[in-house]
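Input: a single structure, listed below in structure tokens.
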Amino acid sequence: MNSTTLVPAWAGLVIAVAGSAACAGSSCAGETKTASPDAPALIHPEAWPLQTSPVGRSPVLEARLAQVLGRMSVEDKVAQIIQADIGSVTPEDVRRYRLGSILNGGNSAPEGDVRAPPEAWLALADAFWEASMDRSDGRVAIPIIWGTDAVHGHDVLGASVFPHNIGLGAAHDPDLVRDIGRATAREIRSTGIEWNFAPTLAVAQDDRWGRTYESYSEDPRVVAEYASAMVTGLQGAPGAPDFLGAERVLATPKHFMGDGGTAGGRDQGDNQASEEVYRDVHGAGYYPAIGSGAQSIMASFNSYRGRKLHGFRPMLNDVLVGRMGFDGFVVGDWNGHGQVEGCSPQNCPASLNAGVDMYMAPGTWKPLYENTLAAVRDGEIPVERLDQAVSRILRVKLRMGLFDAPKPSQRPLAGDFGTLASPEHKALSRRAVRSSLVLLKNNGGVLPLSPTARVLVAGDGADNIPKQAGGWTLSWQGTGNRNQHFPHGQSIYLGLREALAEHGGEAILSPDGTYSEAPDVAVVVYGEEPYAEFEGDRDNLDFGDERPGDILRRFHSAGIPTVSIFLSGRPLWVNPELNASDAFVAAWLPGDQGAGVADVLVAHPDGTPRHDFRGQLGFSWPAVAEGGGPKGPDDALFPFGYGLTYARTDRVTNVSEDSASERETDSSLVLVRRGDVPPEVRVVLADEGGARVLETPRGTSPRGHLATAPSDSVAQEDTRSFTWTGDAALSLVVAEPQDYEARAERGDMLRIQLEANGAQVGGTELGVSCEGQACEGFLDVTDALNGMLNQGFKTVTLSLACFAGAGANLSEVTAPFALRSRGPLSLRISAIEVVRGPPTPDCEL
Numbered sequence: 000m001n002s003t004t005l006v007p008a009w010a011g012l013v014i015a016v017a018g019s020a021a022c023a024g025s026s027c028a029g030e031t032k033t034a035s036p037d038a039p040a041l042i043h044p045e046a047w048p049l050q051t052s053p054v055g056r057s058p059v060l061e062a063r064l065a066q067v068l069g070r071m072s073v074e075d076k077v078a079q080i081i082q083a084d085i086g087s088v089t090p091e092d093v094r095r096y097r098l099g100s101i102l103n104g105g106n107s108a109p110e111g112d113v114r115a116p117p118e119a120w121l122a123l124a125d126a127f128w129e130a131s132m133d134r135s136d137g138r139v140a141i142p143i144i145w146g147t148d149a150v151h152g153h154d155v156l157g158a159s160v161f162p163h164n165i166g167l168g169a170a171h172d173p174d175l176v177r178d179i180g181r182a183t184a185r186e187i188r189s190t191g192i193e194w195n196f197a198p199t200l201a202v203a204q205d206d207r208w209g210r211t212y213e214s215y216s217e218d219p220r221v222v223a224e225y226a227s228a229m230v231t232g233l234q235g236a237p238g239a240p241d242f243l244g245a246e247r248v249l250a251t252p253k254h255f256m257g258d259g260g261t262a263g264g265r266d267q268g269d270n271q272a273s274e275e276v277y278r279d280v281h282g283a284g285y286y287p288a289i290g291s292g293a294q295s296i297m298a299s300f301n302s303y304r305g306r307k308l309h310g311f312r313p314m315l316n317d318v319l320v321g322r323m324g325f326d327g328f329v330v331g332d333w334n335g336h337g338q339v340e341g342c343s344p345q346n347c348p349a350s351l352n353a354g355v356d357m358y359m360a361p362g363t364w365k366p367l368y369e370n371t372l373a374a375v376r377d378g379e380i381p382v383e384r385l386d387q388a389v390s391r392i393l394r395v396k397l398r399m400g401l402f403d404a405p406k407p408s409q410r411p412l413a414g415d416f417g418t419l420a421s422p423e424h425k426a427l428s429r430r431a432v433r434s435s436l437v438l439l440k441n442n443g444g445v446l447p448l449s450p451t452a453r454v455l456v457a458g459d460g461a462d463n464i465p466k467q468a469g470g471w472t473l474s475w476q477g478t479g480n481r482n483q484h485f486p487h488g489q490s491i492y493l494g495l496r497e498a499l500a501e502h503g504g505e506a507i508l509s510p511d512g513t514y515s516e517a518p519d520v521a522v523v524v525y526g527e528e529p530y531a532e533f534e535g536d537r538d539n540l541d542f543g544d545e546r547p548g549d550i551l552r553r554f555h556s557a558g559i560p561t562v563s564i565f566l567s568g569r570p571l572w573v574n575p576e577l578n579a580s581d582a583f584v585a586a587w588l589p590g591d592q593g594a595g596v597a598d599v600l601v602a603h604p605d606g607t608p609r610h611d612f613r614g615q616l617g618f619s620w621p622a623v624a625e626g627g628g629p630k631g632p633d634d635a636l637f638p639f640g641y642g643l644t645y646a647r648t649d650r651v652t653n654v655s656e657d658s659a660s661e662r663e664t665d666s667s668l669v670l671v672r673r674g675d676v677p678p679e680v681r682v683v684l685a686d687e688g689g690a691r692v693l694e695t696p697r698g699t700s701p702r703g704h705l706a707t708a709p710s711d712s713v714a715q716e717d718t719r720s721f722t723w724t725g726d727a728a729l730s731l732v733v734a735e736p737q738d739y740e741a742r743a744e745r746g747d748m749l750r751i752q753l754e755a756n757g758a759q760v761g762g763t764e765l766g767v768s769c770e771g772q773a774c775e776g777f778l779d780v781t782d783a784l785n786g787m788l789n790q791g792f793k794t795v796t797l798s799l800a801c802f803a804g805a806g807a808n809l810s811e812v813t814a815p816f817a818l819r820s821r822g823p824l825s826l827r828i829s830a831i832e833v834v835r836g837p838p839t840p841d842c843e844l
């Protein structure tokens, strides 16, 4: 119906201004503005927030740095900026060239044995250190620093294997992540290594990417929170006595930046996002990481709009150092400099000149050294830039106390191999497993399992620690491992057997699911085989292995309740397996403490859970196999933040087993999703004091009649609260005008997920408006909102044709959502979208 004017004319004011808001959850992928690969990679550093490092520069340390630098020859300086892999360099090479750093790549280890005992690692650390400190030739002695990929625990035989990041993200527990960082640092130090290439701060947007499991979440807010926690866990807190101390390690946030947003989810590909999305989504973790004292950052393989990051000065220098306040050094990735235009792995002055301070040149270090030295001598690399890079490296080594430390085997924790998978660390890992499990389905209350039940444990993942550990475990791809390579580990089957045996139950292992006597329940453990980075890239998200489904359906046809434990490094399309399961648990890649699964699945003797499910999806779950994953909650089978508990017993009905979506091409307009607005949408609050465009999720109208703030519903800050105490208006403004007339003709409708609270709703109208022309159309929704008060979240819809009938020309709507009220009015809104019909039959909410 037509409505009367409830607020003065200023309330309809629409302002288009610059600004941005970070997307959240799977909306990030949907909102990414793209450019052609050859479009200029424009970066505007002044648009990036400005911060400073919390790690101050000590005059005493700076004086010592200058003294060391002054004693170095140009050969010494070039050697400091090159990192070689232990598979391609010897202690004698280090003695001769005085290289500044070494690393062990995913398949490198003492004597080439990735399962070498920890003693061998410590002995090799001593050998390299002694070579770097040899003063027999009169050259300056600078301690070498060793970097390793301990991405889910220290990657040596017998060390703790924690859940991969995707599982930790589902736990939504930064304190847990901080504790894991602390434990990892201690285990690394026991083998004489000082530097960890972690954490990965990618905000993965396409689940086909082979590194998705290294990402904490598709939601930048989760990544930002975890970034600070892990950096602090590894390094300690700036200003604390143990910051970068002998029981801590150097952290390396990576990969700077945008590796989680490449087109098609292709590893080392091109990120084509707008600068706003690039900053607010893919850069979300770096500000808190640097704000927590990160001292090294790894450049990314990917490009940004066609420019490889290893050679992109606007990001490495102008943004990272100039705006983010980074005061450490930038290390390259595995020959990443060789991908810069005009470069090769053996020769790349452009990368150093762009801001990479240390080349990672695993097997190409020797020709790179020679060519870099020549480039300095002929002026292609300015001496000032070389000195800057060397100073950054030396400053971090001095801050870590390496110049005054004895050889690795004589440092605190060194040789204390009881630290590896200590009882305390095993308990931490087990807690992490419990916290990361996400219950997607539990029809009929199949879980928790009775501790006296006879349980058949099937599937190729049941007694398979390598499979539950995944990639980056002992070997690069996580392949070639056996259960015996995890001396402190336990498979999921063994964890269940132990838990059930405590109270008379029984677990029977049968990988193929055959049995002679029917069990009370069947638990089937299956999922992806181990992989790492580009080897793990996929063309689609179809799980594709039909064998587990066959086993599940056999149990189902025999009337045996079934539980799926799904092991994966990403959400996958498993609809047939979901339908064949009474309960379904996303266990991700939980590491080597299978008892953590049993802790949650097996009940006390009285039937109460020993531990409840705590995990909530950090990545939305796909409803179809094609594409890289959901672009929004309506495309998801299970949305970001979803996760059942034993108290929450939603019944999951059968889902479509068609591998391809039959929906039409998405033409929705997203204004709010999970409490966040896309970068191209502006939030405007107005009252008689004027209009205010919000740059953050928290703010008030000029006179304070309307206030908004983040609010929690299913997940952290996944809604926004709006509170009216007087005449005020909320408008969502888009940069590109929307043709509501055309949308109305094809049946589009406005869909809102909201919760109305309070004692009553004052006069309120819902509508749309335009800038500079008379096109507004508003409908009175007071009665509808009063009818929803204090009843929880509702999804309401309204045909766009209703607005066309309430106003004038709607062909160029710039505020596709507006709400004005006299107050009182208290709403929580999680989503506002314009979607395809069928349209509602009337114009009532």
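In numbering that gives the first Met the number 0, the protein residues as written are 0 to 844. C-beta atoms are modelled at their ideal positions from N, C-alpha and C, and glycine is treated no differently.
I want to see whether chain B comes within less than 8 Å of F533, judged by CB atoms only; does it?
Reference to chain B is not applicable here, since this structure consists of a single protein chain.
Quick check: the region 560-574 against the region 398-415, are at least 3 beta-carbon pairs closer than 8 Å?
no
For E246 and G260, what's the separation of their Cα atoms in angstroms?
35 Å
Beta-carbon contacts of G444 that lie in its chain and below 8 Å, excluding the five residues immediately before and after:
T648
DSSP state of T607 mapped onto helix, strand, coil:
coil
State the Cα-Cα distance for the pair P638 and L438, rounded to the nearest angstrom.
13 Å
Quick one: what's got a C-beta closer than 6 Å to P632's C-beta in the same chain, skipping five residues either side?
P638
Count the other CB atoms, across all protein chains shown, that sit within 10 Å of the CB of E576; report buried if there are 16 or more and exposed otherwise.
buried
Starting from G290, follow the alpha helix (DSSP H) in both directions and report where the run begins and ends.
285-290
I'd like the span of the beta strand (DSSP E) that includes W145, first residue to last.
144-147
Outcome for L824 when other beta-carbon atoms lying within 10 angstroms are tallied against a minimum of 16:
buried
Sequence-distant residues of the same chain with beta carbon closer than 7 Å to S408, five excluded per side
L121, D125, G191, G414
4 or more residues per run - each alpha helix (DSSP H) lying fully within the region 361-405:
364-376, 382-398
Thinking C-alpha only, which one of A685, A622, G761, G688 is nearest E656?
A622
I564 by DSSP, collapsed to three states: which one?
strand
My output table needs one value for T794: the three-state DSSP class, helix, strand or coil.
strand
Does the beta-carbon of S515 have 16 or more other beta-carbons within 10 angstroms, so that it is buried, or is it exposed?
exposed
Can you name, in chain order, every residue of its own chain whose Cβ lies under 6 Å from the Cβ of A708, other than the five neighbours on each side?
R697, S720
Using the C-alpha atoms, what's the distance from G791 back to G727?
Sequence check: residue 727 is Ala here, not Gly. Looking at the two C-alpha atoms, the distance is approximately 24 Å.
For V454, which beta-bridge partners are listed by DSSP?
A506, V520
When we look at the beta-carbon of L844 and count the other beta-carbons within 10 Å, is it buried (16 or more) or exposed?
buried
For A557, does the count of other Cβ atoms within 10 angstroms reach 16, so buried, or fall short, so exposed?
exposed
C-alpha gap between R827 and P604, whole angstroms:
42 Å
Please check the pair G263 and R207, which I expect to be a contact at CB under 8 Å, by giving their CB distance rounded to whole angstroms.
7 Å
Using C-beta distances below 6 Å, list every residue in its chain close to V834, excluding the 5 sequence neighbours before and after it, in chain order.
S667, R750
Top-ranked residue by Cα proximity to G561, from L455, S135, L588, Y530
In the sequence as displayed, the identity of residue 561 is Thr instead of Gly. Of the listed residues, the one whose Cα sits closest to T561 is L455.
For F300, I'd like the list of residues in its chain whose CB is within less than 6 Å of its CB, leaving aside the five on either flank, ordered along the chain.
Q267, D332, G335
Could you check where the alpha helix (DSSP H) with V230 kicks off and where it finishes?
219-234
Using a Cβ-Cβ cut-off of 6 Å (strictly less than) and excluding sequence neighbours within five positions of A830, which residues of its own chain qualify?
V671, R672, Q752
Do G725 and H704 have their C-beta atoms closer together than 8 Å?
yes
Determine contact between the region 380-391 and the region 166-174, defined as no fewer than three beta-carbon pairs at a distance below 8 Å.
no
Taking the C-alpha atoms as reference points, what is the distance between Y525 and L566?
6 Å
Alpha helix (DSSP H) runs contained entirely in the region 423-481, provided each spans 4 or more residues
464-468
Comparing alpha-carbon positions, which option in L233, A288, G244 lies nearest K253?
A288
Counted within 10 angstroms of its Cβ, other Cβ atoms place L393 as buried (16 or more) or exposed
buried
Using C-beta distances below 7 Å, list every residue in its chain close to P486, excluding the 5 sequence neighbours before and after it, in chain order.
G157
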